Ligand code: FES
Ligand SMILES: [Fe+2]
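Numbering (my numbering), first residue to last: 20 to 357.
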């Protein structure tokens, strides 16, 4: 067992087999964001790209999103294998496991052709217990025997209070999913996510137009002398102010003629549209993290649910998944930032 001190952690620790073993244990049972609870008229199935052993199902006309195991009861193959980055599939009443043709009812998970089994077994794909919060779906952490008491519901309740309820899927539409392999250890990604000093240099044309990082509120408060003693806190919230200049003022020289959907002009146009509909935003941005890998961020009209996972074989890389939600009152902008 490696003892990790907070005083001077060595970057070499990411290569230690003991650390990697701990990470595997941690992430195999980590709390997971799974998607949203919104029904759609035509229904859908979704295998979250970061949790391929789970599927979400919503039948046409149903208000309910069910969550079940996507692992075949026969020889444990994944049943649904979506080809799209977002993991969405058209709704189907029955699911076929292509390995040996087991068929399941998508809503109840019931095996419909049990004769392929030679011994008795539970003939339902198990339902996954989920937590529903502000229109989002989660699987709770399944840590046992780890020190400390973690409750995802408690952390989300605290985040809700500290963000004045702004992190919510209600009134938003999931617009796109991005899956990226990134250079850097997963923990570095989490640190960077909360690093306000990178906002201006790394995002000069976009976030730097919006975010006033001199007006920052952090929960827990940033008191570096005592940060190790924060009792029972597994999440963090950072809020920054909005620059009044975002979405107003001259833009003549801002247009990126080669790429009008991106960059400063696009970000400015977004500000104009947002303010025309909603007025001044209550804050510039919010970044929240929940241990070890969950992230929610809020920008005016946009919420991003993100998760980062260790790379299976290379600790200098990681996998990042983003679900982008857009406010339903905003026109479809087709814009993107960097
Ligand atoms: S593994 Fe699914 S039918 Fe055999
Ligand atoms: Fe960034």
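For every residue, glycine included, the Cβ atom is placed at its ideal position computed from N, Cα and C. All of these numbers come straight from a predicted model, not from anything done at the bench.
Quiz item: Does the beta-carbon of residue 136 have 16 or more other beta-carbons within 10 angstroms, so that it is buried, or is it exposed?
Solution: It counts as exposed.
Quiz prompt | Enclosing alpha helix (DSSP H) for residue 291 [first to last residue] | solution = Unbroken alpha helix (DSSP H) run through residue 291: 282 to 297.
Quiz item: DSSP state of residue 146, grouped into three classes?
Solution: Residue 146: strand per DSSP, three-state reduction.
Exercise. Please write down, chain order preserved, every residue whose beta carbon lies under 7 Å from a heavy atom of ligand 1.
Key: That gives 91, 93, 94, 95, 96, 98, 116, 118, 119, 120, 121, 135.
Exercise. State buried or exposed for residue 295, treating a residue as buried only when at least 16 other CB atoms are found within 10 Å of its CB.
Key: Of the other Cβ atoms in all chains shown, fewer than 16 fall within 10 Å of the Cβ of residue 295; this residue is therefore exposed.
Quiz item: Is it true that the segment 145 to 161 meets the segment 106 to 124, where meeting means three or more beta-carbon pairs spaced less than 8 Å apart?
Solution: Under the 8 Å Cβ criterion, the segment 145 to 161 does not count as touching the segment 106 to 124, having fewer than three qualifying pairs.
Quiz prompt | Own chain residues within Cβ distance below 6 Å of residue 33, not counting five before or after | solution = Once the five neighbours on either side are set aside, the close Cβ partners of residue 33 are 204, 334.
Quiz item: Is the closest heavy atom of ligand 2 to the C-beta of residue 176 under 7 Å?
Solution: Answer for residue 176: no, Cβ out of range of ligand 2.
Quiz item: Taking 7 Å as the line, does the beta carbon of residue 221 fall inside it for any heavy atom of ligand 2?
Solution: Checking the Cβ of residue 221 against ligand 2 gives yes.
Practice problem: Compute every distance between the C-beta of residue 341 and the non-hydrogen atoms of ligand 2, then say whether any falls below 7 Å. | Solution: Every heavy atom of ligand 2 is 7 Å or more from the Cβ of residue 341, so no.
Quiz item: For residue 321, which residues from the same chain have a beta carbon less than 8 Å from its beta carbon, with the 5 sequence-adjacent residues on both sides left out?
Solution: Excluding positions up to five away in sequence, the list reads 343, 344, 345, 346.
Quiz item: Is it right to say residue 211 is buried, meaning 16 or more other beta carbons lie within 10 angstroms of its own, or is it exposed?
Solution: Its Cβ having fewer than 16 others within 10 Å, residue 211 is exposed.
Quiz prompt | residue 334, DSSP secondary structure in three states | solution = Three-state DSSP puts residue 334 in coil, outside helix and strand.
Self-check item: At least three beta-carbon pairs within less than 8 Å, the segment 75 to 86 to the segment 118 to 134
Solution: The segment 75 to 86 makes contact with the segment 118 to 134; the number of CB pairs closer than 8 Å reaches 3 or more.
Quiz prompt | Element boundaries [beta strand (DSSP E), containing residue 238] | solution = Secondary structure note for residue 238: its beta strand (DSSP E) is the uninterrupted segment 230 to 238.
Practice problem: Give the straight-line distance between the Cα atoms of residue 191 and residue 207, rounded to the nearest whole angstrom. | Solution: Cα to Cα, the separation comes out at about 30 Å.
Practice problem: Quick one: which unbroken beta strand (DSSP E) runs of 3-plus residues sit fully inside the segment 50 to 98? Chain order, please. | Solution: Fully enclosed beta strand (DSSP E) runs of 3 or longer: 51 to 55, 63 to 65, 73 to 77, 85 to 88.
Exercise. Would you be able to state if there are at least three C-beta pairs under 8 Å between the segment 301 to 310 and the segment 171 to 180?
Key: Here the segment 171 to 180 lies against the segment 301 to 310, with 3 or more beta-carbon pairs under 8 Å apart.
Practice problem: Return the CA-CA distance between residue 96 and residue 142, expressed in angstroms with no decimal places. | Solution: If you draw a straight line from the Cα of residue 96 to the Cα of residue 142, it is about 15 Å long.
Quiz item: What's the C-alpha gap between residue 409 and residue 53?
Solution: In the structure displayed, the chain extends from 20 to 357; residue 409 sits before or after that span and is not available.
Quiz item: If you check the beta carbons only, do residue 56 and residue 144 fall under 8 Å apart?
Solution: No.
Self-check item: Between the CA atoms of residue 64 and residue 174 - distance to the nearest angstrom
Solution: Residue 174 and residue 64 have their C-alpha atoms roughly 28 Å apart.
Quiz item: Which term fits residue 311, buried or exposed, when burial requires 16 or more other beta carbons within 10 angstroms of its beta carbon?
Solution: Residue 311 sits buried, since 16 or more C-beta atoms from the chains shown fall within 10 Å of its C-beta.
Quiz prompt | C-alpha gap between residue 284 and residue 120, whole angstroms | solution = Looking at the backbone, the Cα of residue 284 and that of residue 120 are separated by about 53 Å.
Quiz item: Taking buried to mean at least 16 other C-beta atoms within 10 Å of its own C-beta, is residue 40 buried or exposed?
Solution: Within a 10 Å sphere around the beta-carbon of residue 40 sit fewer than 16 other beta-carbons, which makes this residue exposed.
Exercise. Report whether the distance from the Cβ of residue 217 to the nearest heavy atom of ligand 2 is below 7 Å.
Key: Yes, the Cβ of residue 217 comes within 7 Å of a heavy atom of ligand 2.
Practice problem: With DSSP collapsed to three states, give me the class of residue 171. | Solution: Residue 171: helix per DSSP, three-state reduction.
Self-check item: Bridge partner(s) assigned by DSSP for residue 316
Solution: Beta-bridge pairing links residue 316 to 306, 323.
Quiz item: Mind checking residue 198: buried by the 16 CB within 10 Å criterion, or exposed?
Solution: So residue 198 ends up on the exposed side.
Quiz item: Any idea if residue 134 is buried or exposed, counting beta-carbon neighbours within 10 angstroms, 16 or more meaning buried?
Solution: It counts as exposed.
Exercise. Return the chain-ordered list of same chain residues with a C-beta closer than 7 Å to the C-beta of residue 213, the five sequence neighbours on each side being excluded.
Key: Around residue 213, the same chain offers 255, 257, 306, 308 as residues with beta carbons nearer than 7 Å, after the five sequence neighbours per side are excluded.
Exercise. Assign residue 155 to one of three DSSP states: helix, strand, or coil.
Key: In this structure, residue 155 counts as strand in the three-state DSSP scheme.
Quiz item: How far does the alpha helix (DSSP H) with residue 206 in it reach, from first residue to last?
Solution: Segment 205 to 212, the alpha helix (DSSP H) holding residue 206.
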